[in-house]
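Chains as they are written, first to last, in this note's numbering: chain G, 5 to 143; chain X, 5 to 143; chain A, 5 to 143; chain P, 5 to 143. See below for the structure under consideration.
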């Protein structure tokens, strides 16, 4: 059993590097978004569908720790986990490793509220909380 | 007299470089957008206002020629010119130079249609074509 | 027979959209880079290896035509073709379509010189020109 | 007296928005970098100079809290403060407000080590620690 873990792999783009030679720090947050995106698709509540139904998941908090250098064309693997951290907030945890060596490259999390299209926080719809509860329980 | 020329200066951000050491090529198109933005504000038809009135200016063609290297923290100067290239199309020309040396860094253009919020092309409103005609004539 | 065509598919990221609702125009140039990258890997001269051997492929000209709207989570397909357009210049052609419908989304090209790590243009190494000639001839 | 505070103002670019209508979350980290950049210039240790002298300031931790929506063309003001949080680590605090209304838009921090060009952490040079100590004491 155990909670659901979303997994994606992707290569670092040249456009994502900076002149220090590795990836630019803010890119981690764009990759975290890719992780959330595929996580939600896999648990059956695709974020594109959520938006079509009138819901948004704006980020209210983001945190990243950078552990090892990675650069252009490196293949990265990301694991994503999600949970409801209160009745109104969803938290995603992300762990980014070098796919070839397993070295931890970065880890962090984002916290989200559920909002309507104007940005106003709303109660999360049952189909979202149910889906997240189910995967958290490994069901 | 002569046509109106919009001028801005800005520094290259670290996030805009890549591991080749200079700025990443697509950044030129983001800077061209900044040039259009300030150009339109200066001729009295701010793009934010245009959107509030229900108009968009999607890019339908973009062209850039890269002439010299420039990198992080360099101060760049950009000149922007605009004209109606048909009854339905607006063209912006951009010229990017090193502000310290005058060296040409990049030049190019973008072509735009006027569209409604759904992206459907519409006839440009008179207040836009009038403003562009006036500045083109150096009025 | 016929020339080699590189093919990749990818989803538009949320970070690649803008408030007009579709993808932001400069993203096309980042995607063209992904196309070049996989093209070169497939013809046996990976760009990461090229950099390790002391060669760069800076963009000296870029052109994009935007044909149809595409947005977040859409699956896009890109075809990439390459050729030597003079003894010193490489040209990549890119065609971007909606993978579900086949609709042309954008097309364009980039022209590159071969340069040393300081950015100085150099004669392309034989292993690069040979590889490109071979695939152009469908060998 | 009191510690030195770096201040910059800038407009949100169209390229920095996403289809939710406001700025995309990772942009905050790019703006934090602009804040650090001008902060260091003002206290006399420009980051471009630091790189020329062989030092880098890679981010090892980043944190952002998003407090209010802001969008394209909004004028933002950012305050930046810096301190040595150990003998080897520098911390920058950033506070981002709407320049027109004073509303807090986002706040956060980044933690950095001092590294050589290969990315290896090194002891911060005295001219950096002295400059930061001096401004922290309001000297």
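Virtual Cβ for every residue (Gly too), placed ideally from N, Cα, C.
Among the options, whose alpha-carbon lies nearest the alpha-carbon of residue i?
| i | options | result |
| --- | --- | --- |
| residue 72 of chain X | X:108, X:18, X:83 and X:41 | X:108 |
| residue 140 of chain X | X:87, X:24 and X:52 | X:87 |
| residue 7 of chain G | G:43, G:49 and G:101 | G:43 |
| residue 129 of chain P | P:93, P:105 and P:100 | P:93 |
| residue 121 of chain X | A:25, A:18 and A:14 | A:25 |
| residue 29 of chain P | G:124, G:74, G:27 and G:33 | G:33 |
| residue 117 of chain P | P:111, P:106 and P:133 | P:133 |
| residue 111 of chain G | G:70, G:81, G:90 and G:137 | G:70 |
| residue 20 of chain G | G:76, G:36 and G:55 | G:76 |
| residue 55 of chain X | P:125, P:18, P:55 and P:74 | P:18 |
| residue 102 of chain X | X:74, X:125, X:91 and X:119 | X:74 |
| residue 84 of chain G | G:126, G:27 and G:115 | G:115 |
| residue 58 of chain A | A:131, A:138, A:137 and A:119 | A:119 |
| residue 78 of chain A | G:51, G:78 and G:91 | G:51 |
| residue 16 of chain P | X:27, X:41 and X:106 | X:41 |
| residue 137 of chain A | A:27, A:123, A:104 and A:91 | A:91 |
Report all residues from its chain with a CB closer than 7 Å to the CB of residue i; omit the five preceding and five following residues, and keep chain order.
| i | result |
| --- | --- |
| residue 113 of chain X | 67, 95, 96, 97 and 98 |
| residue 135 of chain X | 47, 48 and 49 |
| residue 126 of chain P | 118, 119 and 120 |
| residue 27 of chain G | 16, 20, 21, 74 and 75 |
| residue 131 of chain X | 49 |
| residue 37 of chain G | none |
Below 6 Å CB to CB, which residues in the same chain sit around residue i once its five sequence neighbours on both sides are set aside?
| i | result |
| --- | --- |
| residue 146 of chain A | Because chain A spans 5 through 143 in this model, residue 146 of chain A falls outside it and cannot be assessed. |
| residue 65 of chain G | 115 |
| residue 105 of chain X | none |
For residue i, write down the residues that DSSP places opposite it in a beta bridge.
| i | result |
| --- | --- |
| residue 81 of chain A | A:13 and A:101 |
| residue 49 of chain G | In DSSP, residue 49 of chain G forms no bridge with anything. |
| residue 113 of chain A | A:67 and A:97 |
| residue 132 of chain X | Paired residue(s): none; residue 132 of chain X is not in a bridge. |
| residue 87 of chain X | X:95 |
| residue 60 of chain P | P:119 |
| residue 108 of chain G | G:101 |
| residue 36 of chain A | DSSP lists no partner for residue 36 of chain A. |
| residue 27 of chain X | X:21 |
Any idea if residue i is buried or exposed, counting beta-carbon neighbours within 10 angstroms, 16 or more meaning buried?
| i | result |
| --- | --- |
| residue 63 of chain P | buried |
| residue 60 of chain P | buried |
| residue 13 of chain P | exposed |
| residue 5 of chain X | Bear in mind that a pLDDT of 47 at residue 5 of chain X, under 50, signals an unreliable position, so the model cannot answer this. |
| residue 23 of chain A | buried |
| residue 39 of chain A | buried |
| residue 31 of chain P | buried |
Excluding the 5 residues flanking residue i on each side, which residues of the same chain have their C-beta closer than 8 Å to its C-beta?
| i | result |
| --- | --- |
| residue 35 of chain G | 14, 80, 82, 98 and 100 |
| residue 89 of chain X | 95 and 115 |
| residue 123 of chain G | 60 and 62 |
Does the ligand PLP have a heavy atom nearer than 7 Å to the CB of residue i?
| i | result |
| --- | --- |
| residue 104 of chain X | Inclusion of the ligand PLP in the displayed structure is not the case, the ligand content being empty and no account of it being possible. |
To be precise: take each residue of the stretch 5 to 17 of chain A, compare its Cβ to all Cβ atoms of chain P, and keep it if any distance is under 8 Å. Which residues remain?
Residues: none.
Anything in the stretch 111 to 126 of chain X with a Cβ closer than 7 Å to a Cβ of chain A? List those residues in chain order, please.
In summary, the residues of the stretch 111 to 126 of chain X whose CB is separated from some CB of chain A by less than 7 Å are 123, in the order they occur in the chain.
Practice item. With 8 Å as the C-beta to C-beta threshold (strictly closer), list the residues of the stretch 62 to 86 of chain A near chain G in chain order. Key: Correct list: 76 and 77.
Which residues, taken in chain order from the stretch 33 to 62 of chain G, show a beta carbon closer than 9 Å to some beta carbon of chain X?
Within the stretch 33 to 62 of chain G, no residue has a Cβ lying closer than 9 Å to any Cβ of chain X.
- Of all the residues that make up the stretch 18 to 31 of chain P, which are near chain A by a beta-carbon distance shorter than 7 Å? Per Cβ criterion, the list reads 18, 19, 21, 22, 23, 25, 28 and 30.
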